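The structure appears right after this line, and notes come after that.
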């Protein structure tokens, strides 16, 4: 991406109701939008019927400030520009529901050759690696996160990830990610977003690290996994003064309502098990409020984060009680499909090293002193390595492939490696004298090794290895 910004639904100075979700926004009298804008298309796709259309954002803002419309979507940076230096709060406007994190790109028409697009991407990546992109970007958008080679997305989920005193993301997984990136020479800024927005972006765009994410059967094939970095257990909670009881998970289907957080693994699990009494919110603190205020009968939280969430919302743990243990999972750093497999592999190797050198445990215990850390130290997402030699081979999707070549021939020159189908097999580099590859998807791929002597354009030796991933 070349720019990143947050879009919120902003409320008119004359509207004082709190909106906690997009579903609630559907009940509002009027939401102003600009014709054919992407934010308009998002709301239309979500089934909004209360949209009022305008020709441009200036006209939209005028009607929002006058109270002619109740809500309107604005990119935070664009709104600041439209207000000509005034803050949104000084005009009476206030941000309501976060709508999306805008990831902006250079778009090419379909007739542009793939090689041209790849060349532009490579040049942009080089600008980012040298730091020149950051300098240019911060000149024009100093308040916005700088797009890097990776986009780091996380949520308000203390003590795992949360906004620190200075507003910047922290938490034990955030710090683990930052240290792993630092050891790989990468400098990226984590961005706090509602989980549903981060999950949607990571499900569709490459180059995104989303953390932390519980690995479930539903999610396992949708992302690449780096970790694990923690483990938690989900419980159904009730109010302390409630007399509700359940004998098993299935009996919870009969209660009036259960508060869940949109796209959390806990919500997805209950949906898979046929629950139809779920009340979904964008933020878990809204679930706490709903439970304690008696708006729902039960809520689902994890043992690792429930106390922080309850206290963050202004309550104490004696107001709720765990009712039923639902499920335990390891959680990970999730990389979106299409993310550079070399980066994913190197981050996993670095995480394994951090577990061995004590850094992982030090960071974890600084946030959760009494955590049981030993099982995490011996768990890794590094895939199985399959060693193959010259010839034809079949390998499983998702595995690592290791190829060793004759050392005496390597000493005579330099090897060049080409892949006939890099979408099937990705080169990760060389390790301990062997070439490493990662199988990405089903299909055939020829790996061609050509040995060149210095200054010669003609190879003195060529090896071809046929690989079929299935």
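Numbering (this note's numbering), first residue to last: 1270 to 1739.
Backbone N, C-alpha and C define an ideal beta-carbon position, used for all residues, glycine too.
Fair warning: this is a prediction, and the values are worked out from it, not measured in the lab.
Residue i versus residue j: straight-line alpha-carbon distance, rounded
i	j	result
residue 1707	residue 1609	11 Å
residue 1440	residue 1430	4 Å
residue 1362	residue 1301	14 Å
residue 1736	residue 1519	47 Å
residue 1271	residue 1577	35 Å
residue 1607	residue 1587	45 Å
residue 1666	residue 1614	15 Å
residue 1296	residue 1319	8 Å
residue 1649	residue 1393	33 Å
residue 1372	residue 1726	43 Å
residue 1664	residue 1739	6 Å
residue 1516	residue 1338	49 Å
residue 1543	residue 1557	23 Å
residue 1661	residue 1391	32 Å
residue 1355	residue 1404	25 Å
residue 1513	residue 1540	21 Å
residue 1385	residue 1638	52 Å
residue 1483	residue 1312	29 Å
residue 1600	residue 1538	15 Å
residue 1457	residue 1418	8 Å
residue 1336	residue 1292	21 Å
residue 1359	residue 1549	32 Å
residue 1412	residue 1700	41 Å
residue 1627	residue 1674	36 Å
residue 1723	residue 1398	29 Å
residue 1305	residue 1317	15 Å
residue 1408	residue 1324	30 Å
residue 1438	residue 1374	25 Å
residue 1379	residue 1618	38 Å
Proximity below 8 Å, CB of residue i to CB of residue j
i	j	result
residue 1348	residue 1279	yes
residue 1632	residue 1589	no
residue 1551	residue 1536	no
residue 1605	residue 1492	yes
residue 1683	residue 1714	no
residue 1442	residue 1472	no
residue 1370	residue 1477	no
residue 1504	residue 1595	yes
residue 1289	residue 1555	yes
residue 1623	residue 1449	yes
residue 1277	residue 1388	no
residue 1533	residue 1485	no
residue 1705	residue 1698	yes
residue 1479	residue 1432	no
residue 1428	residue 1636	yes
residue 1553	residue 1530	yes
residue 1657	residue 1732	no
residue 1671	residue 1696	no
residue 1303	residue 1326	yes
residue 1453	residue 1620	no
residue 1669	residue 1653	yes
Cβ distance (whole Å) where residue i is taken to contact residue j below 8 Å
i	j	result
residue 1602	residue 1446	6 Å
residue 1740	residue 1365	With the chain represented from 1270 up to 1739, any question about residue 1740 goes unanswered, as that position is not in the structure.
residue 1367	residue 1275	6 Å
residue 1402	residue 1410	So it is not a contact: roughly 12 Å between Cβ atoms.
residue 1582	residue 1501	Rounded, the Cβ-Cβ distance is 19 Å, inconsistent with contact.
residue 1745	residue 1592	No information on residue 1745 is available, as it lies outside the stretch 1270 to 1739 that the chain covers here.
Bridge-paired residues (DSSP) for residue i
i	result
residue 1714	1736
residue 1598	1501
residue 1728	Residue 1728 is not bridged to any residue.
residue 1364	1279
residue 1567	1527
residue 1420	1477
residue 1663	1737
residue 1808	Look at the range of the chain in this structure, 1270 to 1739, and you will see that residue 1808 is not part of it.
residue 1671	1656 and 1705
residue 1699	1704
residue 1341	1279
residue 1460	1422
residue 1494	1603
residue 1686	1718
residue 1548	1528
residue 1515	Answer by DSSP bridge pairing: none, since residue 1515 is not bridged.
residue 1371	1274
residue 1432	1438
residue 1694	1708
Short CB-CB distance (under 8 Å) between residue i and chain B
i	result
residue 1272	The structure shown contains no chain B; it is built from a single protein chain.
Margin query: Any contact between the region 1549-1566 and the region 1513-1528? By contact I mean 3 or more CB pairs, one from each, below 8 Å.
Written below: Yes: the two stretches touch, three or more of their Cβ pairs being nearer than 8 Å.
Next item on the list: Determine contact between the region 1491-1503 and the region 1644-1661, defined as no fewer than three beta-carbon pairs at a distance below 8 Å.
Entry: Contact between the region 1491-1503 and the region 1644-1661 is present, because at least three Cβ pairs lie under 8 Å.
Notebook entry, point to check: Are the region 1421-1429 and the region 1462-1474 touching by the rule of at least three beta carbon pairs closer than 8 Å?
Noted result: Yes: the two stretches touch, three or more of their Cβ pairs being nearer than 8 Å.
Next item on the list: Give a yes or no on contact between the region 1719-1733 and the region 1684-1703, applying the rule of three or more CB pairs nearer than 8 Å.
Entry: The way I'd put it, the region 1719-1733 does touch the region 1684-1703; three or more beta-carbon pairs between them come closer than 8 Å.
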